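A short write-up of the structure that comes next.
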Amino acid sequence: MIYINKIRERLEDISYLELKDGAKIKVGEDEFTGYLPLPILNSRLINLVKETIEDIPGEYFLEGMIYVLSLDYENEYSNVYIDFIKSYTKDIKGYLFSKGMDYINKEEYLEGIIYLNALRNLKLSDGRIYFALGTALENLDIAMFSDLEKNNHAIDIMNIYEKVLNIDESFSLAHYKLGYIYQEFGQFIKAKLSFEKFLTLDKNDFRLQEVREVLEDMDSDILKEEAILDMNSGIYENALNKLLNVNSNKRDDLYFYHLSLCYGNLGEYDSSLDAINAAIEIEDINIYHNQKAIVYQGQGHLDLAKEELEYALEKFGTDYYLNFNLGTILYNQGDIQGAIENFEEAYRLEPSDELLDIINQLEKIISS
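For the numbering used here, add 280 to where a residue sits in the sequence shown, where the first one is 1.
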């Protein structure tokens, strides 16, 4: 998890004072003696003017130990630190959660996360704790993450909220949070399921109305995602019916591309051509020209398909699908050498034994 790496950077803020043999430190009613590295935050050390370890408040070491249990749980003294904390409070879970929430409520999210992560390491987390952790992670300053880390951080948050539901399926706010996260990731069907589950669990009228409006606005996005699933299963008629019901204000270039694919696979090439032209008008990219060439092929217009592919290659440069399809057309038109050149370019981009075999067979034809 990305956030783990971020909070581990706080290990640099910890110093260790050594409890030497024969020295002792009192925590509550218990005394600890013998050699023990005692972690303490550097900010505490700066403010200390005491001369001996025995004079330093035990709570400062308690705080340092919690940081170690959160950031460096495999530390060889972790078990001793746990005993130390148990001597201070009989309710470790309640103490750590309360302290963590205090920091979160003060918008000191990183410190709050450190306490909540300690609970996770100690295997004391429940749905409420994981939800608090997810909320704190959402509120971290996104500027601390690189572009790649931002995406992984969002996935971490999603996984945390999913963990909440693994523990307690009835945790309504986790469904609420996940609905928005899935929506942000373009997983509209999952978002719909999360929001619909939320509607059966939550009692807050404001949130309920908010989610109903979000679901209504997502209708077309859900239809588009369902259409893609139908297309992947080869059920093009169902996919087409769903796409035709998408609101006009949700019809982007990708929508028209998928519409063209549906029409093409159903043999309705004129409609397929209209759809792919609409996609190109919105966003001019190579894959759309490749689809246009395929439509021309379906109509039996090989010359138009060839011209479309040559135009796209000149405009966008080499591309596996453009070169492969152009090679296929040239072969069908009897231009074996031109076919070989395009297949070789496609092979250079994406090598495969099947394509190499085609090239070898064509070269044999040339040499015979």
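Beta carbons: idealized from backbone N, C-alpha and C, even for Gly.
Note that the structure is predicted; figures quoted are calculated from it, not measured.
Beta-carbon separation (whole angstroms), residue i vs residue j, contact threshold 8 Å
{"i": "Ile-639", "j": "Glu-624", "result": "6 Å"}
{"i": "Val-526", "j": "Ser-552", "result": "The pair is not a contact, with the Cβ atoms about 17 Å apart (cut-off 8 Å)."}
{"i": "Val-491", "j": "Leu-473", "result": "Going by Cβ atoms, the distance from Val-491 to Leu-473 rounds to 12 Å, so no, they are not a contact pair."}
{"i": "Ala-592", "j": "Asn-570", "result": "7 Å"}
{"i": "Arg-290", "j": "Leu-351", "result": "6 Å"}
{"i": "Leu-342", "j": "Phe-364", "result": "7 Å"}
{"i": "Leu-606", "j": "Glu-594", "result": "Incorrect: roughly 11 Å between the Cβ atoms, too far for contact."}
Option in the options with minimal Cα separation from residue i
{"i": "Ala-658", "options": "Leu-495, Phe-475, Asn-622, Ile-365", "result": "One cannot answer for residue 658 here, as it falls past the ends of the chain, which runs 281 to 648."}
{"i": "Glu-649", "options": "Arg-531, Tyr-516, Ile-620", "result": "Residue 649 falls outside the range modelled here, since the chain spans only 281 to 648, and no answer is possible."}
{"i": "Asp-497", "options": "Ala-471, Lys-572, Leu-509", "result": "Ala-471"}
{"i": "Leu-523", "options": "Ser-513, Ala-573, Glu-506", "result": "Glu-506"}
{"i": "Lys-457", "options": "Tyr-389, Ala-412, Ser-295", "result": "Ala-412"}
{"i": "Gly-597", "options": "Ala-585, Asn-622, Thr-608, Asp-615", "result": "Asn-622"}
{"i": "Gly-414", "options": "Met-424, Leu-404, Lys-443", "result": "Lys-443"}
{"i": "Asp-583", "options": "Ile-567, Thr-608, Tyr-568", "result": "Thr-608"}
{"i": "Tyr-568", "options": "Glu-594, Leu-602, His-581", "result": "Leu-602"}
{"i": "Met-345", "options": "Lys-386, Leu-495, Leu-297", "result": "Leu-297"}
{"i": "Asn-285", "options": "Asn-432, Lys-483, Ile-336", "result": "Asn-432"}
{"i": "Gln-463", "options": "Glu-630, Ser-378, Asp-637, Val-494", "result": "Val-494"}
{"i": "Lys-483", "options": "Ser-452, Gly-466, Lys-504, Glu-339", "result": "Ser-452"}
{"i": "Lys-504", "options": "Gln-467, Gly-614, Leu-428, Ser-426", "result": "Gln-467"}
Short Cβ contact (8 Å threshold) for residue i with residue j
{"i": "Ile-565", "j": "Ser-540", "result": "no"}
{"i": "Pro-317", "j": "Tyr-357", "result": "yes"}
{"i": "Leu-325", "j": "Asp-293", "result": "no"}
{"i": "Leu-420", "j": "Tyr-395", "result": "no"}
{"i": "Leu-282", "j": "Asn-397", "result": "Reading the sequence as shown, one finds Ile at residue 282 and not Leu. It is not a contact, given that the beta carbons lie outside the stated cut-off."}
{"i": "Ser-450", "j": "Leu-481", "result": "yes"}
{"i": "Asp-533", "j": "Glu-563", "result": "yes"}
{"i": "Ile-393", "j": "Ala-416", "result": "yes"}
{"i": "His-538", "j": "Ile-508", "result": "yes"}
{"i": "Tyr-410", "j": "Ile-447", "result": "yes"}
{"i": "Gln-438", "j": "Ile-461", "result": "For clarity, residue 438 is Met in the given sequence; the question names Gln instead. The answer is yes: Cβ separation under 8 Å."}
Spatial neighbours of residue i in its chain, beta-carbon cut-off 8 Å, leaving aside the 5 residues before and after
{"i": "Tyr-549", "result": "Tyr-543, Val-575, Gly-578, Gln-579"}
{"i": "Glu-643", "result": "Ile-620"}
{"i": "Phe-604", "result": "Asn-622, Phe-623, Ala-626, Leu-635"}
Residue(s) in a DSSP beta bridge with residue i
{"i": "Pro-631", "result": "In DSSP, Pro-631 forms no bridge with anything."}
{"i": "Pro-319", "result": "Tyr-296"}
6 Å CB neighbourhood of residue i in its chain, flanking five on each side removed
{"i": "Phe-536", "result": "Ala-555, Ala-558, Ala-559"}
{"i": "Leu-610", "result": "Gly-618, Ala-619"}
{"i": "Leu-546", "result": "Tyr-516"}
{"i": "Tyr-441", "result": "Gly-414, Ala-454, Lys-457, Leu-458"}
{"i": "Lys-572", "result": "Ile-556, Glu-588"}
{"i": "Ile-372", "result": "Ile-365"}
{"i": "Ser-405", "result": "Leu-399"}
{"i": "Lys-477", "result": "His-455"}
{"i": "Met-511", "result": "Ala-519"}
{"i": "Lys-586", "result": "Ile-609"}
{"i": "Ile-384", "result": "Gly-392, Ala-416"}
{"i": "Phe-425", "result": "His-433"}
{"i": "Asn-355", "result": "Val-348"}
{"i": "Gly-380", "result": "Gly-392, Tyr-395, Leu-396"}
Neighbourhood of residue i by C-beta distance below 7 Å, restricted to the same chain and skipping five residues each side
{"i": "Tyr-353", "result": "Asn-401"}
{"i": "Lys-430", "result": "Ile-422"}
{"i": "Val-360", "result": "Leu-316"}
{"i": "Ile-616", "result": "Leu-642, Ile-645, Ile-646"}
{"i": "Ser-295", "result": "Ile-320, Asn-322, Leu-325"}
{"i": "Glu-418", "result": "Ile-437"}
{"i": "Arg-487", "result": "Tyr-456"}
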